[in-house]
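Here the structure is laid out as structure tokens; the discussion comes afterwards.
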Amino acid sequence: MKKKNAAMLLSALLLLGSALTACGGSAGSSDSAGTKGAKEGGSTAEVESGSVEKTSSGGQLDVQIGPSPETMDPALNSAVDGGNMIVHAFEGLLKFDKDNKIIGGLSDQWNCSEDGLTWTFHLRPDLKWSDGTELTAEDFVYSWKRLADPATAAPYGYDLLNQIEGYDKAAEGDLDALKVEAAAKDSFVVHLSSPCSYFDKIAAFTSMVPVQKATIEANGDSWSTKPESYVSNGPYKMTEFTDGDRIVFEKNENYWDKEHITFDKIVWHLIEDGNSAYTAYKEGTLDMMKTVPSEEIPSLKGQEDFHLDPIMGTYYVSFNLKKAPFDNEKVREALSLAIDRDYVGNTIMQGTYSPAKNFVGPGVSDAEPGSSFEKVTEEKYGDFFDNSKYQENLEKAKQLLAEAGYPNGQGFPEFSYMANDASYHKAVAEYLQKAWGDLGLKMTIDIQEWKTVTANRRSGNYDTARNGWVYDWDDPSNMINLLETNNGNNDGKYSNPDFDALVKKAREAKDLKEHYELLHEAEQLLLKDYAMAPLAYYNEFYLQKPNLKNTWHSPYGYWFFMYGTKE
């Protein structure tokens, strides 16, 4: 499970060109300092930190961005809370700057071949792990193959790597089939099976960072829960891990850009209860907190330290399609139509979220520079959910349930809705209990710890569950492809060969317009199959002390504290 104004959300997939030929217009550094594009050999040696001047402010930062994460392993993480910590501990080939543009990370120059099939990343000199050992291109070969390894069971493995040549065989266990190579100690080469215009964004994603082979082989799955084995390569290194209490990061003296990193220490307070976090914030223990109690929002709106930022993402309900009666499309349609999305977004969520009308919401680009996928959907297809016609929708839901063999809910088995108790999740669960109760159904609420929710949801150990997705990069495929049969984040286990064919064609399309048209078709098919039930579009609300400066919050839900200062 992502800046402070909507314009920043409209970074187009390709700002130049109208076709997905070769690498497209976005391949290479697009930082504001005007570095060369990929075909000319992009270099960002002077601007990696987003024009942050050298500083040595030091000190400690105390933040709360969520409870104990399910995992701190970059390959296994699929939640934004864990991702927030990982971006401070690790760095990949490329990264996003404060303006959401791609700049160099461990790679200071990269290029893409004319046919768009070969990407070459040149590593910075003298890179080191946090333990002082050498980091080379071979570390990326190991890490990307580990991501593809079926034994790793990485949620993002398929989505991130399936366009690399040999992925299918690698996913079956032949890891050497994955066409990634260390052409030299400082040169990492990736061979794609088809051009991918947004591969630079994929290379900047948190799961694509390198991990150290020696520490993983020596410590197994526990490597990411112990400071002594959590060897990283980013701005910070872990020095304490106390599950349920705190994770402490301290500045990594072996990070290549350490002179730009400000805080000596970041303490991640693992608080799940919003009221406890709010008390700690008011007492001065926290400089920033994400889990704001929903009942406090009316009094906090308008205050200097209350922030409401747009991010790209959708809050939705997952149905377990492997279980009856949720394998019945009419049942899923009935459950979805019985939801008053306007009430959810504007009353329960107090207007901090927006009622969903489709699956893909605002801020996501379409083919034309500065365009909106959501607006094109409205113009071409109309809104799938008409939130002004709730009573009509409810009557149709009752009819559909009867057609499915459950008139007035008779014979429908009792089922549960799984969620964690934070933000609006419990309130939404209680609303759904009533809304589905109006259909004659009996639903129980199953509140679990967040890390348990994510594990059970992914394993299919639920009936219905709260879900949500905040984008990892600006392309609608990043969320639409979640429902692809083989996607590790396909928690509902939806599978439709026609949908899979559409997203495959969209992924491989050489024409930009065709890429987006196919994704529009795929979204419509998802909606018509009621593969999930979109509820609302995300905004991020949080509290941050006014004296905390020079941090930023990205449209993908990540906070970047490494260049921050306290006045």
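Just so you know, this note's numbering puts the end of the sequence shown at 1201, numbered straight through with nothing missing. Cβ coordinates follow ideal geometry from the N, Cα and C atoms, glycine included. All values derive from a computational prediction rather than experimental measurement.
Item checked: Under 8 Å between C-beta atoms of L602 and D921 -> As shown, the chain starts at 635 and ends at 1201. That puts residue 602 outside it, with no answer to give.
Check: If we ignore side chains and look at the alpha-carbon of each, how far apart do N1101 and A818 end up?
Finding: By one-based count along the sequence shown, residue 1101 stands at place 467. By one-based count along the sequence shown, residue 818 stands at place 184. Taking the straight line joining both Cα atoms gives about 43 Å.
Margin query: Comparing C-alpha positions only, which one of L781, D834, P789 sits nearest to D810?
Written below: Along the sequence shown, read from residue 1 onward, the residue named residue 810 stands at position 176. Closest by alpha carbon: L781.
Next item on the list: Count the CB pairs spanning the stretch 790 to 800 and the stretch 885 to 895 that are closer than 8 Å, and state whether there are at least three.
Entry: They do not touch, by the three-pair rule.
Item checked: Cβ pair Q1067, M1077 closer than 8 Å -> Position 433 of the sequence shown, counted from the first residue, corresponds to residue 1067. Position 443 of the sequence shown, counted from the first residue, corresponds to residue 1077. A Cβ-Cβ contact shorter than 8 Å links Q1067 with M1077.
Item checked: D1072 in three-state terms, based on DSSP -> Within the sequence shown, residue 1072 is the residue found at index 438, counting from 1. When DSSP states are grouped into helix, strand and coil, D1072 belongs to the coil group.
Next item on the list: Determine the direct distance from the alpha carbon of G1074 to that of G1039, and round the result to whole angstroms.
Entry: For the purposes of this step, residue 1039 is taken as residue 405 along the sequence shown, with counting starting at 1. For the purposes of this step, residue 1074 is taken as residue 440 along the sequence shown, with counting starting at 1. Roughly 13 Å between the two C-alpha positions.
Note to self: In the DSSP output, which residue or residues are listed as bridge partners for C830?
What the structure shows: Taking the first residue of the sequence shown as 1, we reach residue 830 at position 196. For C830, no pairing in a beta bridge is given by DSSP.
Next item on the list: Could you tell me how far apart the beta carbons of L1226 and S841 are, in whole angstroms, since I believe they sit closer than 8 Å?
Entry: Within the shown structure, residues of the chain are numbered from 635 to 1201, placing residue 1226 beyond reach of any answer.
Check: Does the stretch 1178 to 1187 come close enough to the stretch 1023 to 1033 to have 3 or more Cβ pairs within less than 8 Å?
Finding: Two segments are said to touch when three or more pairs of C-beta atoms, one from each, lie closer than 8 Å; by this definition the stretch 1178 to 1187 does not touch the stretch 1023 to 1033.
Check: Do the CB positions of Y1171 and T981 come within less than 8 Å of each other?
Finding: Locating residue 1171 in the sequence shown gives position 537, where the first residue counts as 1. Locating residue 981 in the sequence shown gives position 347, where the first residue counts as 1. Contact flag unset, no.
Item checked: Helix, strand or coil at L812 according to DSSP, with G and I counted as helix -> For the purposes of this step, residue 812 is taken as the residue at position 178 of the sequence shown. Here L812 sits in coil by DSSP.
Margin query: Mapping the DSSP letters down to three states, classify V845 as helix, strand or coil.
Written below: For this step, residue 845 is matched to residue 211 along the sequence shown. DSSP, read as helix, strand or coil, puts V845 in coil.
Margin query: Check whether the stretch 1084 to 1095 and the stretch 752 to 770 are in contact - that is, three or more C-beta pairs closer than 8 Å.
Written below: Counting Cβ pairs under 8 Å, fewer than three are found: no touch.
Next item on the list: Please list, in chain order, all residues of the same chain as Q1232 whose beta carbon is under 6 Å from its beta carbon, the five residues on each side excluded.
Entry: Nothing can be reported for residue 1232: it is not among the residues displayed for the chain, which extend from 635 to 1201.
Notebook entry, point to check: Under the three-state reduction of DSSP, which class applies to Y1197: helix, strand or coil?
Noted result: Counting from one through the sequence shown, the residue named residue 1197 turns up at place 563. Three-state result, Y1197: coil.
Check: Enumerated in chain order, which unbroken segments of the alpha helix (DSSP H) with a length of 4 residues or greater are wholly contained in the stretch 938 to 1017?
Finding: For the stretch 938 to 1017, whole alpha helix (DSSP H) runs of length 4 or above, ordered along the chain, are 963 to 971, 1007 to 1014.
Next item on the list: Under 7 Å Cβ to Cβ from N1121, same chain only, skipping five residues before and after it: list those, please.
Entry: What you label residue 1121 is simply residue 487 of the sequence shown in a count that begins at 1. These residues qualify, in order along the chain: Y792, D793, N1115.
Note to self: Quick check on T1185: does DSSP put it in helix, strand or coil?
What the structure shows: Reading the sequence shown from its first residue, position 551 is the one you call residue 1185. In this structure, DSSP gives T1185 a state outside helix and strand, which the three-state scheme calls coil.
Checklist line | Simplified DSSP state of Q1067, which is helix, strand or coil | finding: Position 433 of the sequence shown, counted from the first residue, corresponds to residue 1067. Helix at Q1067.
Check: Quick one: Cα of I945 to Cα of G995, how far?
Finding: For the purposes of this step, residue 945 is taken as residue 311 along the sequence shown, with counting starting at 1. For the purposes of this step, residue 995 is taken as residue 361 along the sequence shown, with counting starting at 1. Near 10 Å, if we compare the C-alpha coordinates of G995 and I945.
Next item on the list: Classify V714 as helix, strand or coil using the three-state DSSP reduction.
Entry: Counted from its first residue, the sequence shown places residue 714 at position 80. In this structure, V714 counts as helix in the three-state DSSP scheme.
Checklist line | Same chain, Cβ closer than 6 Å to T873, five either side skipped, listed in chain order | finding: The residue given as residue 873 occupies position 239 in the sequence shown. If you ignore the 5 residues before and after T873, its C-beta comes within less than 6 Å of the C-beta of P861, V882, E884, all in its own chain and listed in chain order.
Margin query: Less than 7 Å between C-beta atoms, sequence neighbours within five positions excluded: which residues of the same chain meet that for A972?
Written below: Against the sequence shown, residue 972 aligns to sequence position 338. Counting only Cβ-Cβ distances below 7 Å, and skipping sequence neighbours, we find L1028, A1031, A1069, W1070, D1072, L1073.
Check: Out of H1149, G716, D731, F1007, which has the shortest C-alpha to C-alpha gap to Y832?
Finding: For this step, residue 832 is matched to residue 198 along the sequence shown. The shortest Cα separation from Y832 among H1149, G716, D731, F1007 belongs to H1149.
Next item on the list: Leaving aside the five residues before and after K729 along the sequence, list all residues of the same chain whose C-beta is less than 7 Å from its C-beta, in chain order.
Entry: Along the sequence shown, read from residue 1 onward, the residue named residue 729 stands at position 95. Within the same chain, K729 has close Cβ partners I737, G739, A838.
Check: Buried or exposed: which applies to T876, given that a residue is buried once 16 or more other Cβ atoms fall within 10 Å of its Cβ?
Finding: Locating residue 876 in the sequence shown gives position 242, where the first residue counts as 1. So T876 ends up on the exposed side.
Note to self: Across the stretch 924 to 944 and the stretch 1160 to 1174, are there enough close Cβ pairs to call them in contact, namely three or more that are closer than 8 Å?
What the structure shows: At 8 Å Cβ cutoff, the stretches touch.
Checklist line | Beta-carbon contacts of G684 that lie in its chain and below 6 Å, excluding the five residues immediately before and after | finding: Working through the sequence shown from its first residue, we reach residue 684 at position 50. Legend: pLDDT at G684 = 44, less than 50; position of this residue unreliable, value from coordinates given subsequently. If we look at G684 and ignore the five residues flanking it on each side, its Cβ neighbours are D731, K732.
Next item on the list: Tell whether a beta-carbon distance below 8 Å holds between K899 and N886.
Entry: As a first step, residue 899 is located in the sequence shown; it is residue number 265 there, counting from the start. As a first step, residue 886 is located in the sequence shown; it is residue number 252 there, counting from the start. No; because the gap between Cβ atoms is not below 8 Å, this pair is not in contact.
Next item on the list: Round the Cβ separation of Q846 and W763 to the nearest angstrom and send it over; I've been treating them as touching at under 8 Å.
Entry: For the purposes of this step, residue 846 is taken as residue 212 along the sequence shown, with counting starting at 1. For the purposes of this step, residue 763 is taken as residue 129 along the sequence shown, with counting starting at 1. Here Q846 really is in contact with W763; their C-beta atoms are around 6 Å apart, less than 8 Å.
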